[in-house]
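Numbers 1 to 335, taken from UniProt numbering, label the letters of the sequence shown in order.
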Amino acid sequence: MNKKNKTLGEFIIENQAAFQYSSGELSKLINAIRLAAKVVNHEVNKAGLVDILGTAGEMNIQGENQQKLDVLANEKFIQTLKNREIVCGIASEEEDDFISINSNDEKHRNKYVVLIDPLDGSTNIDVNVSVGTIFSVYRRITPVGTPVTLEDFLQPGKNQVAAGYIIYGTSTMLVYTTGHGVNGFTLNPAIGTFYLSHPDMQFPESGKIYSVNEGNYIHFHQGVKDYIKYCQKEEGDRPYTSRYIGSLVSDFHRNMIKGGIYMYPKSSITENGKLRLLYECNPMAFLAEQANGLAIGGRSRILDVKPEELHQRIPFFCGSRKMVEKLQEFLQKYQ
Ligand code: AHM
Ligand code: MG
C-alpha cells in the first residue's frame with residue numbers, strides 16, 4: 001500500500017505487531033488519544049461561533065453552559081482516557097494534582113500514566129491562531145494494582161514511552177513517537193480519519209528560523225542576548241528569519257519541517273522561564289531527539305532532568321541540532 005494512504009489506525013496495528021511482546025495497551029492508549037483529538041478538534045473549529053452561541057459562563061441558545069475551550073479540552077481528554085480504562089493515572093496542566101484511576105478489577109490494572117497539556121497556547125484561540133494538545137506517556141514505577149503516586153509522574157523525560165502533539169491548524173495533525181522516529185498524520189475532516197502524511201519526520205540539521213518572544217529581550221541572560229544578535233548578523237547564511245507564533249506546538253512544528261530553533265529562556269523576571277517541564281518540555285524534547293533535533297534546558301539535556309514537582313517550569317531551547325549546539329556555545333561563555 002502507498003505509505004501515504006495508510007490511516008493512523010492501520011499504522012498503530014502494524015507497529016504493535018513490530019513489538020513482539022507488546023500487550024497492545026500502548027496501542028489502545030494512542031487510539032484513545034486519537035479519539036479525544038477528534039472531539040477537541042470539533043470543538044476548536046466551533047470556537048469562532050462562541051460569539052453567536054454565547055461566551056464562557058453564559059448559556060447558549062440550547063440552554064447549555066458554555067465552557068472555556070481549555071477547560072473543555074481538559075475534560076474531553078480525561079473523560080476519554082478514563083472511559084476507556086486504559087491508564088492508571090493522569091496529570092494535566094489544568095489540574096492542581098494528579099488523578100489516580102484505580103481499580104481492583106484485574107482488567108483495570110493498567111501500567112501507563114499520561115501527562116497532558118490539553119490546549120496549549122489557548123490565548124491564541126480568540127484570534128483564530130493555531131493551538132495544540134501535548135501528551136506524554138510513562139510506564140508506572142510503583143506496582144500495578146496499587147494507587148499511583150507522585151513518583152510515577154516525576155520521572156525524567158528519558159523514561160517516556162510515547163509522546164506527541166495534536167496541532168489544530170490550517171489542517172489538524174497528530175504527530176507522535178513511541179521511540180522509533182516521529183510520524184505525522186493529517187485529519188481528513190470529511191470522514192474523520194487521520195492519514196499518514198508525514199512519515200519519519202526529521203529536523204533539518206540546521207535552519208534559518210529563530211523563534212523567541214523578543215519583547216522579553218531586555219530581561220534575558222547575556223548568552224541568549226548574544227545568540228539573538230548572532231542570528232541577526234549579516235554573515236554567511238545569516239541574518240536568520242524571526243518567526244514566533246506564541247503557540248509552542250505550532251512554532252515547533254514549523255521549525256521541525258523547515259529547520260529552526262525555539263527558545264523560552266529564563267529571564268530577570270521569570271526565574272525558570274515559563275514552560276512546564278512535564279507537560280510541554282519533556283514531550284517536545286522526546287519528539288525533537290527522535291527527529292534528529294536537540295532540546296536543552298540551559299546547561300543540559302532536557303530529558304535527563306529529574307523533575308521535583310508536577311508543575312515545575314524550566315528554560316527551554318529546542319530545534320535543529322547545529323543551531324542548538326551554536327546556542328549552547330553562547331550560553332557556556334557566561335557560565
Ligand atoms: P500556556 O500553557 O499557558 O498556553 O502557555 C504556553 C505557551 C506556549 O505555547 C508558547 O510558546 C508560550 O506560552 C508563549 O508565551 P509568551 O506569550 O510569554 O511568549
Ligand atoms: Mg501550555
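Backbone N, C-alpha and C fix where the C-beta goes; we use that ideal spot for every residue, glycine too.
Nothing here was measured: the structure is a model prediction, and the numbers come from that model.
{"query": "From E94, I245 and N83, residue whose alpha carbon lies closest to that of D70", "result": "E94"}
{"query": "Span separating the alpha-carbon of Y176 from that of Q335", "result": "35 Å"}
{"query": "Continuous alpha helix (DSSP H) stretch holding M256: start and end", "result": "L248 to K258"}
{"query": "Simplified DSSP assignment, three categories, for L53", "result": "Confidence in L53 is poor, its pLDDT being 48 and thus under 50, which makes the residue's placement too unreliable to answer from."}
{"query": "Buried or exposed by the 16-neighbour rule on C-beta atoms within 10 Å, applied to D120", "result": "buried"}
{"query": "Rounded straight-line distance, which links the Cα of T149 to that of E75", "result": "21 Å"}
{"query": "Cβ-based neighbour list, I52, same chain, cut-off 8 Å, excluding 5 preceding and 5 following", "result": "Here I52 scores only 48 on pLDDT, less than 50, and its place in the model is too uncertain to base an answer on."}
{"query": "Collapsed DSSP secondary structure at Y227 in the structure displayed", "result": "helix"}
{"query": "Simplified DSSP state of G319, which is helix, strand or coil", "result": "strand"}
{"query": "Exposure of N41, with buried meaning 16 or more beta-carbon neighbours within 10 Å", "result": "buried"}
{"query": "Own chain residues within Cβ distance below 6 Å of residue 339, not counting five before or after", "result": "There is simply no residue 339 to check, as the chain begins at 1 and stops at 335 in what is shown."}
{"query": "Nearest to C231 (by Cα), restricted to the options G260, I245, S250 and K68", "result": "G260"}
{"query": "C-alpha distance - L327 paired with D152, whole-angstrom precision", "result": "33 Å"}
{"query": "F185 - DSSP class collapsed to helix/strand/coil", "result": "strand"}
{"query": "Straight-line Cα distance separating G181 from D200", "result": "6 Å"}
{"query": "Minimum C-alpha distance to A37 - residue among E289, G164 and K333", "result": "G164"}
{"query": "Sufficient close CB pairs (3 or more, under 8 Å) joining the stretch 185 to 192 to the stretch 238 to 247", "result": "no"}
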